[in-house]
Amino acid sequence: MRLLLIGPPGAGKGTQAVRLAAHLSIPHISTGDLFREHMDRGTELGQLVGTHMRAGLLVPDEVTIELLDERLARPDTEPGFLLDGFPRNRAQANELDGILAASGSRLDAVLDLEIPDAEVVGRIAGRRVCRQDRGHVFHVEHNPPRVAGTCTICGGELYQREDDSEATVRRRLAVHHRETAPVLDHYRDRDRGLVTTLSALGPVEEVLARGLAAIGRSRVDVSGIASH
Ligand code: AMP
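Residue numbers (this note's numbering): 34 to 261.
Rendered as structure tokens:
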């Protein structure tokens with residue numbers, strides 16, 4: 034299954050992406066995480082993207098597309114993938130169309146996580162991410178770790194992302210509305226049934242259940258009885 038997860042900062046894309054990908058046994062590919070890995074390793078690419086990320090701006094398309102293209106060429110994407118944070122504008126969406134067409138594949142669904150702007154700032158202010166695995170995301174109020182500052186899943190140190198400051202979040206929101214929201218029209222114009230808009234409000238498990246329902250999968254327990 035080939036899925037896209039689109040939504041403004043703070044909608045919980047990363048949180049949901051990890052869960053959906055695990056449920057579907059497909060890799061979770063986050064361009065933001067790929068960039069942050071480069072920043073941690075201090076590569077040339079990491080230095081270049083760091084300036085854009087810290088400012089809350091999009092990383093230039095050439096760089097982003099090359100990185101994504103390389104990632105999608107890895108064999109683990111054979112059964113499908115979940116893209117989190119790509120495409121972020123129409124140019125990237127066109128590039129992805131080309132990459133998929135070249136391999137004779139197509140997208141199965143685009144999930145649009147919707148959240149009012151007013152909610153976003155509070156959510157992001159409380160967000161804490163694990164240094165060891167950035168898929169482990171917590172919120173000091175809505176999804177607190179068992180021990181403050183420590184990842185409940187792997188024991189890693191939790192930290193606040195540099196681009197999660199209020200001013201930067203406001204800029205990222207503006208970029209989302211201006212550049213990323215039109216990506217949904219790109220897919221709707223292609224196929225009206227491809228895009229499903231889901232409310233990102235409510236407990237993590239409820240949002241996950243909405244996502245699974247949207248792609249025709251409900252959560253199934255070991256005895257095979259659907260529990261949602
Ligand atoms: P995210 O982790 O998805 O919130 O992304 C964090 C930051 O990484 C964004 O604010 C951008 O600066 C950069 N970024 C992530 N994905 C992309 C993309 N597809 N195109 C351009 N910049 C991106």
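For each residue, glycine too, the CB sits at the ideal point set by N, CA and C.
The structure displayed is predicted, hence computed values, not measured ones.
Backbone CA spacing between residue i and residue j [nearest angstrom]
i      : j      : result
Arg203 : Glu195 : 14 Å
Thr201 : Ala88  : 6 Å
Leu231 : Gly244 : 7 Å
Gly7   : Ala135 : Residue 7 falls outside the range modelled here, since the chain spans only 34 to 261, and no answer is possible.
Pro236 : Ala246 : 16 Å
Ile59  : Arg107 : 12 Å
Glu103 : Ile186 : 29 Å
Ser256 : Arg250 : Reliability fails at Ser256, whose pLDDT of 35 lies under 50, so the model's placement of it is uncertain and the value that follows must be treated cautiously. The straight-line gap from Cα to Cα measures roughly 16 Å.
Gln193 : Arg161 : 5 Å
Gly83  : Phe68  : 8 Å
Asp218 : Val180 : 42 Å
Thr229 : Leu241 : 13 Å
Arg164 : Leu191 : 6 Å
Leu227 : Leu129 : 15 Å
Three-state secondary structure assigned by DSSP to residue i
i      : result
Asp254 : Its pLDDT being 41, under 50, Asp254 is placed unreliably by the model, and the measurement read from it follows with that caveat. Coil.
His61  : strand
Thr76  : coil
Val228 : strand
Ile248 : coil
Leu36  : strand
Gly45  : coil
Distance between beta carbons of residue j and residue i, contact taken as under 8 Å
i      : j      : result
Val216 : Pro149 : Going by Cβ atoms, the distance from Val216 to Pro149 rounds to 19 Å, so no, they are not a contact pair.
His71  : Gly79  : 3 Å
Ala32  : Glu174 : Absent from the model: residue 32. The displayed extent of the chain is 34 to 261, so no value can be given.
(message) For a minimum of 3 consecutive residues, which ranges assigned as the beta strand (DSSP E) are wholly contained in the segment 136 to 200?
(response) Complete beta strand (DSSP E) runs here, min 3: 142 to 147, 160 to 163, 170 to 172.
(message) Could you tell me which whole beta strand (DSSP E) segments of length 3 or greater appear in the segment 67 to 120?
(response) The qualifying runs are 114 to 117.
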